[in-house]
Amino acid sequence: MNDHIKSALMTVAGIDQVLINLVWEPAWSLDKMSRAAKMTLGLH
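Under our numbering, the first residue of the sequence shown carries the number 2, and numbering increases by one thereafter.
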């Protein structure tokens, strides 16, 4: 998974280095999204 993420990010102009730190706890949920992010995704 890290290789796929890094490959995708390295195609973005201005990005010349990528450091990935996967964190499993605390578990992510929709509650962690801002209201604006939820509205953008139609999850309001």
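For every residue, glycine included, the Cβ atom is placed at its ideal position computed from N, Cα and C.
Open item on the list: So, with DSSP's three-state summary, where would you put residue 22?
Closed with: Here residue 22 corresponds to residue number 21 of the sequence shown, with the count starting at 1. Coil, per DSSP.
- [ ] Reducing DSSP to helix, strand and coil, say where residue 9 ends up.
- [x] Counting from one through the sequence shown, the residue named residue 9 turns up at place 8. Three-state DSSP puts residue 9 in a helix.
- [ ] Could you pull out every residue in the same chain whose Cβ sits closer than 8 Å to the Cβ of residue 29, ignoring the five residues on either side in sequence?
- [x] Here residue 29 refers to the residue found at position 28 of the sequence shown. For residue 29, where only same-chain residues beyond five positions count, there are no Cβ hits under 8 Å.
Task: CA-to-CA distance, residue 40 to residue 17, given in whole angstroms - done: Indexing the sequence shown from 1 puts residue 17 at position 16. Indexing the sequence shown from 1 puts residue 40 at position 39. Whole-angstrom Cα-Cα distance: 31 Å.
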